[in-house]
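Step one of this worksheet: look at the structure below.
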Amino acid sequence: MKAVLCKEFGPAESLVLEDVASPIAKKNEVLLDVHAAGVNFPDTLIIEGKYQFKPPFPFSPGGEAAGVVSAVGEKVTHLKVGDRVMALTGWGSFAEQVAVPGYNVLPIPASMDFNTAAAFSMTYGTSMHALKQRANLQPGETLLVLGASGGVGLAAVEIGKAMGARVIAAASSTEKLAVAKAAGADELINYNETSLKDEIKRLTDGQGADVIYDPVGGDLFDQAIRAIAWNGRLLVVGFASGRIPELPVNLALLKGAAVVGVFWGSFAQRQPQDNAANFQQLFAWFAEGKLKPLVSQVYPLSKAAQAINDLGQRKAVGKVVVQVR
Numbered sequence: 001m002k003a004v005l006c007k008e009f010g011p012a013e014s015l016v017l018e019d020v021a022s023p024i025a026k027k028n029e030v031l032l033d034v035h036a037a038g039v040n041f042p043d044t045l046i047i048e049g050k051y052q053f054k055p056p057f058p059f060s061p062g063g064e065a066a067g068v069v070s071a072v073g074e075k076v077t078h079l080k081v082g083d084r085v086m087a088l089t090g091w092g093s094f095a096e097q098v099a100v101p102g103y104n105v106l107p108i109p110a111s112m113d114f115n116t117a118a119a120f121s122m123t124y125g126t127s128m129h130a131l132k133q134r135a136n137l138q139p140g141e142t143l144l145v146l147g148a149s150g151g152v153g154l155a156a157v158e159i160g161k162a163m164g165a166r167v168i169a170a171a172s173s174t175e176k177l178a179v180a181k182a183a184g185a186d187e188l189i190n191y192n193e194t195s196l197k198d199e200i201k202r203l204t205d206g207q208g209a210d211v212i213y214d215p216v217g218g219d220l221f222d223q224a225i226r227a228i229a230w231n232g233r234l235l236v237v238g239f240a241s242g243r244i245p246e247l248p249v250n251l252a253l254l255k256g257a258a259v260v261g262v263f264w265g266s267f268a269q270r271q272p273q274d275n276a277a278n279f280q281q282l283f284a285w286f287a288e289g290k291l292k293p294l295v296s297q298v299y300p301l302s303k304a305a306q307a308i309n310d311l312g313q314r315k316a317v318g319k320v321v322v323q324v325r
């Protein structure tokens, strides 16, 4: 099979496309014929050795995939050969086949195509877990979404609206904010043109945001925590800015606020029943038209390195997908 390989830590340009042996599914795994793979921020980190996990060389990046089950391990009972599925792989999806633990695989709705499915699991899974289990977002609360035009950001905007929140979308350009507006955002902040902190306070009559969804970190975190509401929750989702911020904890004390970590991959493994319930709700919202995943660019497998680069340089709007078949 063909696979994009990382043979040493480095930039995306060092990735190579080669023929390798197909994986064999273990007893608790399924073998997936990959049709499409989502590109996510962790892909930019894992190839440079900066992610939580460091797979042995050579490995394929790609943390999520959609495709068809071609083999099933004997301990897997909820899936069968021929099922259309989405899978959380961690790595390995930029290849024609990948072996995945059965608990990380979900059937996809009949109305969902493979490119959409490949763009769905990580972003919507992360944002649903963040807003439901970690923030306990309530109808009528104000949700601020940073990086609101990116994959997880747009998912957070849509899910926040589905949960009944007032959503303020923040992004770095008018074009990106237009995408967030189309996804349902009620208010918009261009943080390249105005003070994020001041605009949050203006839009909330000085009360601040009840929940802040932050996949960016850096300076935006520093400003956002200073405009959080009493009993607010700031969700630490990622650090796309490149800087992991440090928190003066007196800010949390003064607002009775919580700074809450979000690690969906670990949640999905530790609480599989809760994760499955999340996806039942997500699929219901998808069927109702409340969730409309935006796949802005589709790359062939041979251009996977470019896909990772474009995402890493924050050029992408919505989700980027590598089409394998």
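Under full-length UniProt numbering, think of the first position of the sequence shown as 1, with each following residue one higher.
Ideal Cβ positions, reconstructed from N, Cα and C, are used throughout, including at glycine.
Residue i burial status per 10 Å Cβ neighbour count (16 or more: buried)
i    : result
E158 : buried
E8   : exposed
L247 : exposed
E193 : exposed
I108 : buried
T174 : exposed
I24  : exposed
F59  : buried
R134 : buried
W264 : buried
According to DSSP, residues forming a beta bridge with residue i
i    : result
L106 : M86
I168 : L144, E187
G153 : Answer is none; G153 lacks a bridge partner.
Q297 : V320
R233 : V211, A258
P101 : E29
I228 : A209
A66  : A36, M86
A95  : A3
CB of residue i within 8 Å of CB of residue j, strictly
i           : j    : result
G261        : R243 : no
A12         : A36  : no
N28         : G73  : yes
D186        : V167 : yes
A95         : L31  : no
G62         : D33  : no
V179        : G318 : yes
P215        : V295 : no
V321        : L311 : no
V105        : R84  : no
I225        : L235 : no
residue 331 : G125 : In this structure the chain extends from 1 to 325, so residue 331 is not present and cannot be described.
E64         : S111 : no
Contact belief for residue i with residue j at Cβ below 8 Å, rounded distance in angstroms
i    : j    : result
G102 : L79  : 6 Å
M86  : A117 : 5 Å
T142 : A119 : Incorrect: roughly 27 Å between the Cβ atoms, too far for contact.
L15  : I47  : 7 Å
A257 : R314 : Contact doesn't hold; Cβ gap of about 28 Å is too wide.
G232 : K201 : At roughly 13 Å, the Cβ-Cβ gap does not stay under 8 Å, so G232 and K201 are not in contact.
S22  : Q97  : 5 Å
Chain C contact for residue i (CB, 8 Å cutoff)
i   : result
G92 : No chain C appears in this structure, which consists of one protein chain only.
Hey, is the region 169-177 in contact with the region 276-295, meaning 3+ C-beta pairs nearer than 8 Å? no
Three or more C-beta pairs closer than 8 Å, one from the region 125-137 and one from the region 188-199: is that the case here? no
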